[in-house]
Amino acid sequence: MNKQQITDLIEQEVAQESQLLQTATEYSYSAATILFSNVKKKIQSSYTIDEELLNDVLTDMKYDIRKELHTQSRLS
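Per my numbering, the very first residue in the sequence shown carries number 483; after that it's consecutive.
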């Protein structure tokens, strides 16, 4: 195998791994959305909280988690 063939092979493998990582990150985003939806329902059934305020806090937290997942996926 020459240098170009090795380079091509590495690029191909990196592309495949990147796709797998992207898919895993998308699943993590979906899981976070479901988790926060469930948490919101539980909080609303147990506490009297302004819905708009609760939505704002949950949105901020979802954004922070997604940002962290994106950072972790780039570092992996």
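Ideal Cβ placement from N, Cα and C applies to all residues, glycine included.
Residue range of the unbroken alpha helix (DSSP H) whose run includes residue i
i, result
"I525", "485-528"
Nonlocal neighbours in the same chain, by C-beta distance under 7 Å from residue i, ignoring five residues either side
i, result
"I547", "A514"
Spatial distance of residue i from residue j (CA atoms)
i, j, result
"E550", "A506", "14 Å"
"T541", "K524", "16 Å"
Residue i (DSSP reduced to helix, strand or coil)
i, result
"I547", "helix"
"D538", "helix"
Residue i and residue j closer than 9 Å at C-beta
i, j, result
"Q526", "L517", "no"
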